[in-house]
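Notes follow once the structure below has been shown.
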Amino acid sequence: MHSTTGHPPGAYRFLLDALENTRKHLSTDGHVSGQELLLGIRLRARELFGPLAFMVFDEWNIHEGNDFGEMVFELVDQGILSKMSEDKLEDFATPQHYQRYYEEEYFSHNREEIYLKEKE
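For the sequence shown, our numbering begins at 1092 and goes up steadily by one.
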């Protein structure tokens, strides 16, 4: 895969792993929204990288949710992922810099886990 977004291959492997993990939590093989995927990314990053996740993201040149969105849409353009007609980059918007977003939510994961369980 050739990246046009400036993110290394490890970032894409993580993204696809987080997508698969999110689908498992949501009990679906189908569509996952941008916001659902961002929740899944945070849960998977917490599991794999703990509180240092934002440092890993920084190393991968990921600073906000839209960076993951750009990666997703690049994979769509390459035929690796698919999207629905209503999907857009703005679906991945986070309210602030991803490091702060991640740090503020790191210890309040119960809300995310409850959300994913409700979708089951």
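The C-beta atom is built at its ideal place from N, Cα and C for all residues, glycine as well.
Small disclaimer: the values here were computed from a predicted structure and weren't measured.
ask   = Using 8 Å as the threshold, is the stretch 1136-1146 in touch with the stretch 1157-1171, meaning 3 or more CB pairs across them?
value = no
field: Own chain residues within Cβ distance below 7 Å of I1153, not counting five before or after
entry: Position 62 of the sequence shown, counting from 1, holds the residue named residue 1153. So the list reads H1098, A1102, F1159, Y1189, once near-sequence residues are dropped.
Does DSSP classify G1121 as helix, strand or coil?
The count along the sequence shown starts at 1 and reaches residue 1121 at position 30. Here G1121 sits in coil by DSSP.
One question on the structure: do L1110 and G1125 come within less than 8 Å of each other, judged by their Cβ atoms? Within the sequence shown, numbered from 1, the residue matching residue 1110 stands at position 19. Within the sequence shown, numbered from 1, the residue matching residue 1125 stands at position 34. Against a cut-off of 8 Å, the Cβ pair of G1125 and L1110 comes out as no contact.
* Asked: Does the separation of the CB atoms of L1106 and M1162 fall below 8 Å?
  -> The residue labelled residue 1106 in the question sits at position 15 within the sequence shown. The residue labelled residue 1162 in the question sits at position 71 within the sequence shown. The answer is yes: Cβ separation under 8 Å.
_For R1114, three-class secondary structure by DSSP_ = The residue labelled residue 1114 in the question sits at position 23 within the sequence shown. Here R1114 sits in helix by DSSP.
Task: As assigned by DSSP and simplified to three states, the class of Q1126 - done: The sequence position of residue 1126 within the sequence shown is 35, counting from 1. Three-state result, Q1126: helix.
* **Alpha carbon of I1205 to alpha carbon of D1108, nearest angstrom** => Position 114 of the sequence shown, counting from 1, holds the residue named residue 1205. Position 17 of the sequence shown, counting from 1, holds the residue named residue 1108. At I1205 the pLDDT is 45, less than 50, meaning the model places this residue with poor confidence and gives no usable figure here.
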